[in-house]
Amino acid sequence: MREDAEAAVEPDVLKQTVFVASLIGVLTDVFGSAKDLYHRLKKQSSCDDDEETAEKGEHGINEGRRDSHSNIIGSIGRHVRWSLDQRTRHYSDREDELVCNASAQVQATYDRAYRRLGEAFARGDDIARIQLQSQIIKLQQVLISIHQDFGLSNYLTIASSHSQLIHLVQTVRTARAAAIQALDLFYQRSLAEPPSGKPSPRPSMPGEFPTAPKKPHRSRSSSPGFSDTPVPAPLKPTPRPSPKPAPPLAPHPAPKPNPNLTKLFCRYALSLQHDPHLPLSPAFDTNGNRRCPRCRTFIPVRPNKAWEVVMISHGRHPRRVKFLVRNEFVVKCHRVGGGFACVLCAKYGEADTVCRDVGDLMEHLWREHEIGDLERDEDIVCG
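Take 4 as the starting number for the sequence shown in our numbering and just add one per residue.
Quick look at the structure:
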């Protein structure tokens, strides 16, 4: 299957008749299949949890989940603990929104660029077509693999059912981000390309003399009437106003205004966000009380310590990337009265995210953000 997938994305195999518009339609259908499978997996996962609850006591299930979750934390090198039940309730809606809206977000990106560039964008180029078809193949392979595992559902453990659900969500997230980036990059390439130098042949007017044989090429900037032929001057076409250059769609947009910032964060946290060079208050030193100097909220940070988040890069050769989340990031995420809000979501995301404690905040970074998101913050360093 791998050989077939690699052959399918070769430029020689990808025909010119396959337009970006067609690939967006196919990707939309595959996202729809992924959404159906997600709801099926979620239902299966809920049934597995109910069966486990019936077989075990309340004490046993809590201990089992705690041990299993601790093993997962140890395997990825993170030293953060959180409650599985709280995590499930907190992120279920976000996963639903991600899977259900992936198709609409990709389609909106395509429509926005198509309105500006027209049929040229619908046709695409080899790079955009190969990138989109590659994401279609990868997503289809995951769907086929999970469907095949359903044939062995009687022999799958509860952990396998949950892992399939997580794998599907991560694959949809990756395909959505890669497709949007492919469209954005093609949009930028289209803006950078100069217009074609050859004008389209002008249709002959009724009663017009035959056009004389073409002389050696002359620049289109020559003044009117500069010709060696005795034929009448052609009708001058009505000039069209030059379109206003559209701003390029950056892969990583700049922070957008968020009217909810003052409600999400403490004013001291906002000061740290606006001034990256502002040092932390002495309250967070070794002998400090670790309370915000503005709202007096206790923030559980330790001097000269950092939280570790390990993520897996996507691509042909996945690799582990370790990030160290400094105390400055945690402090600038705190809220008045306790709790935290994600700075990355507030600046760049489509919705704000509120977390109950530091553990939930670290888990949110690990599950809901990509490597590129963490690299954009000056208080998260690559270890």
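From the three backbone atoms N, C-alpha and C, an ideal C-beta is built for every residue, glycine too.
Check the Cα spacing between L377 and each of V312, K38, T112: the tightest is with V312. A residue is called buried once 16 or more other Cβ atoms fall within 10 Å of its Cβ, and E331 is buried on that count. For F332, the uninterrupted alpha helix (DSSP H) run begins and ends at 330-334, by DSSP. The three-state reading of DSSP puts V304 in coil, since its state is none of H, G, I, E or B. Per DSSP, the beta bridge partners of L327 are E311, V384. Taking one beta carbon from each stretch, the segment 175-186 and the segment 132-143 have 3 or more pairs nearer than 8 Å; the two touch. If you draw a straight line from the Cα of Q191 to the Cα of G352, it comes to about 22 Å. Nearest neighbour of S316 by Cα position, chosen from V102, V23, R370, V361, turns out to be R370. The Cβ atoms of G375 and L327 do not sit closer than 8 Å to each other. Per the coordinates, the alpha-carbon of S284 lies some 19 Å from the alpha-carbon of W310. In this model, A286 and R293 are separated by some 5 Å (Cα to Cα).
Closest in C-alpha terms to S137, from the list A116, L26, L120, comes L26. For A272, DSSP records no beta bridge to any residue. Between C269 and R297 the beta-carbon gap is near 6 Å, inside 8 Å, which marks them as a contact.
Annotated as distal: V357 and A349, with beta-carbon spacing of 8 Å or more. With contact defined as three or more Cβ pairs closer than 8 Å, the segment 25-39 and the segment 166-184 are in contact. Proximity to G341 across K325, L267, S274, I383 peaks at L267, based on C-alpha coordinates.
For T265, the enclosing alpha helix (DSSP H) stretches over residues 264-267.
Among the bridge pairs identified by DSSP, C358 is matched with F343.
Taking C-beta atoms as the reference points, L142 and T174 count as a pair closer than 8 Å. By the neighbour-count criterion, in which a residue is buried when 16 or more other Cβ atoms sit within 10 angstroms of its Cβ, K308 is exposed. In the DSSP secondary-structure assignment, H337 is bridged to F343.
Pairing L168 with H372, the inter-Cα distance amounts to about 17 Å.
For D288, no alpha helix (DSSP H) run applies, since DSSP gives it neither H nor E. Beta bridge pairing from DSSP links R319 with no other residue.
Secondary structure of R370 (DSSP, three-state): helix. Judged by DSSP in its simplified three-state form, R293 adopts coil rather than helix or strand. For R379, no alpha helix (DSSP H) encloses it, and the DSSP letter there is neither H nor E. Per DSSP, E122 is one residue of the alpha helix (DSSP H) stretching across 122-126. No Cβ-Cβ contact shorter than 8 Å links V23 with A105.
By the C-beta density criterion, R329 is buried, having at least 16 other C-beta atoms within 10 angstroms.
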